[in-house]
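Asks:
Residue numbers (this note's numbering): 2 to 251.
1. Counting Cβ pairs closer than 8 Å, one from the region 13 to 24 and one from the region 182 to 199, do we hit at least three?
2. Below 8 Å, can you find three or more Cβ-Cβ pairs linking the region 229 to 241 to the region 40 to 57?
3. For the region 194 to 212 against the region 78 to 85, do three or more pairs of beta-carbon atoms, one drawn from each stretch, fall closer than 8 Å, so that the two count as touching?
4. Measuring CB atoms only, is the region 83 to 101 touching the region 211 to 218, in the sense that at least three cross pairs come out at less than 8 Å?
5. If you check the beta carbons only, do residue 176 and residue 162 fall under 9 Å apart?
6. Ordered along the chain, which non-local residues of its own chain (more than five positions away) have a Cβ less than 7 Å from that of residue 21?
7. From residue 230 to residue 217, what distance separates their C-alpha atoms?
8. Can you tell me whether residue 72 is helix, strand or coil according to DSSP?
9. Which residues in the same chain as residue 166 place their Cβ atom closer than 6 Å to its Cβ, once the five residues preceding and following it in sequence are excluded?
10. Pick out the complete alpha helix (DSSP H) segments inside the region 146 to 223, 4 residues or longer, and give them in chain order.
11. Less than 9 Å separating the beta-carbons of residue 208 and residue 52?
12. Suppose the cutoff is 8 Å on Cβ atoms and the five residues either side in sequence are ignored; what does the same chain contact list for residue 247 look like?
13. Check whether the Cβ atoms of residue 9 and residue 142 lie closer than 9 Å to each other.
14. Does the distance from the C-beta atom of residue 232 to that of residue 60 stay below 9 Å?
15. In whole angstroms, what separates the C-alpha of residue 136 from that of residue 130?
16. Consult DSSP for residue 27 and reduce its assignment to one of helix, strand or coil.
17. Between the C-alpha atoms of residue 133 and residue 13, what's the straight-line distance to the nearest angstrom?
18. Is the Cβ-Cβ distance between residue 241 and residue 160 less than 9 Å?
19. Per DSSP, what kind of secondary structure is residue 229 in: helix, strand or coil?
20. DSSP state of residue 61, grouped into three classes?
21. Are residue 117 and residue 100 touching if we call contact CB-CB under 9 Å?
22. For residue 168, does the count of other Cβ atoms within 10 angstroms reach 16, so buried, or fall short, so exposed?
Quick look at the structure:
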């Protein structure tokens with residue numbers, strides 16, 4: 002294996018460890034838990050603004066020549082895909098909330114139904130394959146520097162896993178986290194030995210950019226006593242400064 006393949010595999014294993022550790026945050030309660038989640042939220046929001054939005058612009062540039070053949074009267078096709086991603090992720094989050102309410106109203110368990118679970122797993126599975134594929138592709142500049150990308154994605158997974166564990170509990174512990182971990186390995190293998198057309202990858206990135214925006218903003222930016230503003234600000238500012246420093250030295 003090349004040095005990049007080794008580095009990308011180690012990065013994927015780190016992200017897998019986050020998935021497999023889902024539920025460990027339940028052992029941390031009170032202020033330490035709020036501190037961890039708020040700091041993670043700050044980093045992920047900073048990543049979305051400083052890395053994901055520029056990636057969305059690049060995806061639009063890749064998609065435009067192909068899309069103009071079929072929709073010549075329209076522009077910003079990549080951004081439209083991001084809007085579709087936002088709608089799908091928002092609809093799924095709304096379905097989860099309604100499902101939990103119905104179960105609680107009928108004295109059932111405080112978890113979402115099987116259909117919501119399968120939808121969430123399908124969305125996250127494709128997302129994980131895309132993330133790992135990008136890590137394995139040495140020509141993908143969107144994941145550079147890899148260390149900062151892995152930190153941001155690891156903390157994003159921490160927030161997402163906390164939500165998935167809260168919504169699906171036993172189903173996610175028994176099956177979900179293993180499926181998502183396998184998706185990361187599959188994406189890494191795909192990126193190491195197969196090349197997907199840039200247009201196809203740009204379409205996927207644009208769609209999930211919108212979905213990630215909804216996930217981060219809806220989960221992290223909810224005001225209330227469970228949020229630690231100082232920890233959120235610290236995570237956001239420190240990560241942003243690291244990105245700025247590395248960008249200026251590149």
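By construction, the Cβ of each residue, glycine as well, lies at the ideal position given by its N, Cα and C atoms.
Bear in mind that the values here come from a model prediction, so they are computed numbers and not experimental data.
Replies: Put simply:
1. Taking a cut-off of 8 Å on C-beta distances, the region 13 to 24 touches the region 182 to 199, as three or more cross pairs fall below it.
2. Remark: three or more beta-carbon pairs, one from each stretch, lie closer than 8 Å, so the region 229 to 241 and the region 40 to 57 are flagged as touching.
3. Because the criterion of three Cβ pairs below 8 Å is met, the region 194 to 212 and the region 78 to 85 touch.
4. Between the region 83 to 101 and the region 211 to 218, the count of Cβ pairs shorter than 8 Å is three or higher; the stretches touch.
5. No; because the gap between Cβ atoms is not below 9 Å, this pair is not in contact.
6. Cβ within range, chain order: 178, 182.
7. Separation of residue 230 and residue 217 (C-alpha to C-alpha, rounded to the nearest whole angstrom) is 15 Å.
8. Coil at residue 72, not helix or strand.
9. Closer than 6 Å at the Cβ level, and outside the excluded window around residue 166, lie 23, 24, 173.
10. Restricted to the region 146 to 223, the alpha helix (DSSP H) segments that are unbroken, complete and at least 4 residues in length are 147 to 169, 178 to 194, 199 to 221, listed in chain order.
11. It is not a contact, given that the beta carbons lie outside the stated cut-off.
12. Answer for residue 247: 146, 149, listed in chain order.
13. Not in contact: residue 9 and residue 142 (Cβ atoms no closer than 9 Å).
14. Taking 9 Å as the Cβ cut-off, residue 232 and residue 60 do not qualify as a contacting pair.
15. Answer to the nearest angstrom: the Cα atoms are 10 Å apart.
16. Here residue 27 sits in helix by DSSP.
17. Distance between the alpha carbons of residue 133 and residue 13: 6 Å.
18. The answer is no: Cβ separation not under 9 Å.
19. In the structure shown, residue 229 sits in coil (DSSP, three-state: anything other than H, G, I, E or B).
20. When secondary structure is reduced to three states using DSSP, residue 61 falls in the helix class.
21. Closer than 9 Å, so yes.
22. Under the 10 Å beta carbon count, residue 168 is surrounded by 16 or more other beta carbons and is classified as buried.
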